[in-house]
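Trainee:
Residue numbers (the working numbering): 13 to 426.
Next comes the structure, spelled out in structure tokens:
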């Protein structure tokens with residue numbers, strides 16, 4: 013950095029460091045020059061100690077500590093390409109380049125959490141945030157194989173909502189981690205109901221996206237008397253053609269041919285007719301080496317990254333996490349979601365047509381294309397379908413905005 017740079021920081025500032033390998037590190041400080049010298053001396057963050065910082069830029073200053081933390085968190089979620097745009101942008105372009113307004117609420121405090129024994133094998137992690145006396149809502153994460161996170165609490169106004177999050181069987185902080193034994197859709201539905209009873213909640217709003225939308229619909233149809241409203245995003249009904257779109261040639265492969273080629277060619281030609289089974293045989297096969305399982309897991313997850321995010325993220329470096337995610341997801345797709353008949357959700361939609369429902373769908377969602385949301389709306393005309401410019405991620409700007417607007421709207425239903 014230039015020696016004659018003006019180092020004036022009114023309070024907290026957000027900075028970005030470019031490393032020798034082209035990666036970026038974001039942090040906050042009240043003394044930019046001193047912090048830069050610490051990074052150069054190998055006394056900064058663990059990441060920069062390992063990736064040799066070569067330059068540093070200040071992105072925003074004169075922030076409160078809370079606002080600085082929020083900006084740091086947002087930037088750290090961005091893919092490398094978006095961080096590079098930020099790096100090249102002038103300070104005054106920061107907000108427009110970031111292209112992700114802060115529509116979400118800040119929810120840091122966990123009121124209570126625990127592990128609920130839901131079977132002889134599984135303990136389900138749960139947490140309770142927001143207003144203890146507020147309107148109950150349960151957030152159902154996607155995957156299958158994802159997990160809850162502090163960020164997803166932010167879809168709900170903590171002054172209004174009592175926010176319940178879970179990690180489904182084998183996911184996140186639930187135990188045992190990545191266990192597919194005794195793990196299917198109907199058991200998770202039973203787990204959700206067991207938690208509701210455990211917490212003494214009579215009824216609650218259900219919020220879910222992607223696989224979480226599948227689970228939300230199945231739960232609501234099983235227990236319609238316990239659901240006050242539904243907020244759904246990225247509809248996936250686990251019909252055969254939806255799975256084929258993702259894992260057979262001719263669907264999403266047409267949009268990402270280069271990523272599909274890598275995903276398909278990892279499998280021997282004679283087994284490419286059923287890639288879900290071929291990957292299952294590797295991920296769960298006896299006698300398959302650990303290294304081959306990891307390679308398969310990475311191929312599975314890298315294909316998913318391309319179809320889920322408009323800007324694919326950098327590959328996850330944690331082998332155990334990659335293997336857990338891919339194995340859980342493959343387990344469910346191999347068993348066709350454990351939901352039985354192909355159109356079971358649409359065939360039982362009359363059970364929930366009285367429940368106020370908002371569906372948010374990204375027009376350019378490649379993972380769960382709009383066709384499924386459209387079909388759900390046709391079968392469920394009372395639902396409000398809100399199509400926005402965005403992809404699959406709940407953090408795409410317009411998708412994010414619409415989801416928070418939906419929960420704000422239902423916040424009035426008390």
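Cβ atoms here follow ideal geometry from the backbone N, Cα and C, with glycine treated the same way.
All figures in this text were calculated on a predicted structure; none of them were measured in a lab.
If you check the beta carbons only, do residue 373 and residue 391 fall under 7 Å apart?
Mentor: Translated into positions along the chain shown, residue 373 becomes position 361. Translated into positions along the chain shown, residue 391 becomes position 379. No.
Trainee: Can you give, in chain order, each stretch of the beta strand (DSSP E) that sits fully within the segment 182 to 248 and has at least 3 residues?
Mentor: Those beta strand (DSSP E) runs which fall completely within the segment 182 to 248 and span 3+ residues are 216 to 221 and 239 to 245.
Trainee: Less than 6 Å between C-beta atoms, sequence neighbours within five positions excluded: which residues of the same chain meet that for residue 151?
Mentor: The residue labelled residue 151 in the question sits at position 139 within the chain shown. Excluding sequence neighbours, residue 151 sits near 164, 177 and 219.
Trainee: Using CA atoms only, rank isn't needed, just tell me which of 186, 324 and 333 is closest to residue 305.
Mentor: Indexing the chain shown from 1 puts residue 305 at position 293. Its Cα nearest to that of residue 305, the residue 333 stands out among 186, 324 and 333.
Trainee: Tell me which same chain residues have a C-beta within less than 7 Å of the C-beta of residue 32, skipping the five on either side of it?
Mentor: To locate residue 32, count along the chain shown from 1; it is residue 20. The answer, listed in chain order, is 63, 64 and 66.
Trainee: Comparing the CB of residue 161 with every heavy atom of the ligand GDP, is any distance shorter than 6 Å?
Mentor: Looking for the ligand GDP in the displayed structure turns up nothing, as the structure carries no ligands at all.
Trainee: Check whether the segment 322 to 332 and the segment 350 to 359 are in contact - that is, three or more C-beta pairs closer than 8 Å.
Mentor: no
Trainee: For the segment 244 to 254 against the segment 203 to 213, do three or more pairs of beta-carbon atoms, one drawn from each stretch, fall closer than 8 Å, so that the two count as touching?
Mentor: The answer is no - the segment 203 to 213 does not touch the segment 244 to 254, with fewer than three Cβ pairs under 8 Å.
Trainee: Report yes if the CB atom of residue 253 is closer than 7 Å to the CB atom of residue 225, and no otherwise.
Mentor: On the chain shown, residue 253 is found 241 positions in, with the first residue counted as 1. On the chain shown, residue 225 is found 213 positions in, with the first residue counted as 1. Going by C-beta atoms, residue 253 is not nearer than 7 Å to residue 225.
Trainee: Is residue 260 close to chain D, meaning its C-beta is less than 7 Å from at least one C-beta of that chain?
Mentor: Note that chain D does not occur in the displayed structure, where there is just one protein chain.
Trainee: Between residue 155 and residue 317, is the Cβ-Cβ spacing less than 7 Å?
Mentor: The residue you call residue 155 lines up with position 143 of the chain shown. The residue you call residue 317 lines up with position 305 of the chain shown. Cβ atoms of residue 155 and residue 317: not closer than 7 Å.
Trainee: Assuming residue 395 and residue 369 form a contact by the criterion Cβ under 8 Å, report the distance between their Cβ atoms to the nearest whole angstrom.
Mentor: Against the chain shown, residue 395 aligns to sequence position 383. Against the chain shown, residue 369 aligns to sequence position 357. Indeed they touch by this definition, with Cβ atoms about 4 Å apart.
Trainee: Are there 16 or more other CB atoms within 10 angstroms of the CB of residue 266, so buried, or fewer, so exposed?
Mentor: Your numbering for residue 266 matches position 254 in the chain shown. Per the 10 Å Cβ criterion, exposed.
Trainee: Which whole-angstrom value is the C-beta distance of residue 229 and residue 197, which I expect to be below 8 Å?
Mentor: Numbered from its first residue, the chain shown carries residue 229 at position 217. Numbered from its first residue, the chain shown carries residue 197 at position 185. Your pair residue 229 and residue 197 does not check out as a contact, with CB atoms roughly 11 Å apart and the cut at 8 Å.
Trainee: How would you write the range of the beta strand (DSSP E) that residue 30 sits in, first residue to last?
Mentor: Here residue 30 refers to the residue found at position 18 of the chain shown. Per DSSP, residue 30 belongs to the beta strand (DSSP E) from 24 to 31.
Trainee: For my contact list, residue 415 and residue 387 are in at a C-beta cut-off of 8 Å; report their separation, rounded to the angstrom.
Mentor: Here residue 415 refers to the residue found at position 403 of the chain shown. Here residue 387 refers to the residue found at position 375 of the chain shown. Not a contact, Cβ separation roughly 21 Å.
Trainee: Can you tell me where the alpha helix (DSSP H) with residue 369 in it begins and where it stops?
Mentor: Stepping through the chain shown from its first residue, residue 369 is reached at position 357. Run containing residue 369: none in the alpha helix (DSSP H); it sits in the beta strand (DSSP E), 369 to 374.
Trainee: Would you grab the beta carbon distance between residue 240 and residue 425 for me? Rounded to a whole angstrom, and I think it's under 8 Å.
Mentor: Taking the chain shown and counting its residues from 1, one reaches residue 240 at position 228. Taking the chain shown and counting its residues from 1, one reaches residue 425 at position 413. The pair is a contact, with the Cβ atoms about 7 Å apart (cut-off 8 Å).
Trainee: With DSSP as the reference, identify every bridge partner of residue 138, one or two as the case may be.
Mentor: Counting from one through the chain shown, the residue named residue 138 turns up at place 126. Answer by DSSP bridge pairing, in chain order: 126 and 178.
Trainee: Since residue 74 is in the beta strand (DSSP E), which residue starts that stretch and which ends it?
Mentor: Residue 74 sits at position 62 when you count from the first residue of the chain shown. Taken as a continuous stretch (DSSP letters only), the beta strand (DSSP E) holding residue 74 covers 65 to 75.
Trainee: Is the beta carbon of residue 174 closer than 7 Å to that of residue 142?
Mentor: As a working mapping, residue 142 is identified with position 130 in the chain shown. As a working mapping, residue 174 is identified with position 162 in the chain shown. Cβ atoms of residue 142 and residue 174: closer than 7 Å.
Trainee: Quick check on residue 425: does DSSP put it in helix, strand or coil?
Mentor: The residue given as residue 425 occupies position 413 in the chain shown. In this structure, residue 425 counts as coil in the three-state DSSP scheme.
Trainee: Would a C-beta distance cut-off of 7 Å place residue 149 and residue 216 closer than the cut-off?
Mentor: As a first step, residue 149 is located in the chain shown; it is residue number 137 there, counting from the start. As a first step, residue 216 is located in the chain shown; it is residue number 204 there, counting from the start. It is a contact, given that the beta carbons lie within the stated cut-off.
Trainee: If you drop the 5 nearest sequence neighbours on each side, which residues of the same chain put their C-beta closer than 6 Å to that of residue 195?
Mentor: Locating residue 195 in the chain shown gives position 183, where the first residue counts as 1. Answer for residue 195: 181 and 182, listed in chain order.
Trainee: Check the C-beta distance from residue 158 over to residue 336 and give it rounded, since I have them as a contact under 8 Å.
Mentor: Position 146 of the chain shown holds residue 158. Position 324 of the chain shown holds residue 336. About 10 Å separates the two Cβ atoms, so there is no contact after all.
Trainee: Given a threshold of 16 other Cβ atoms within 10 Å of its Cβ, counted over all protein chains shown, does residue 44 qualify as buried or as exposed?
Mentor: If you number the chain shown from 1, residue 44 lands on position 32. Residue 44 should be labelled buried.
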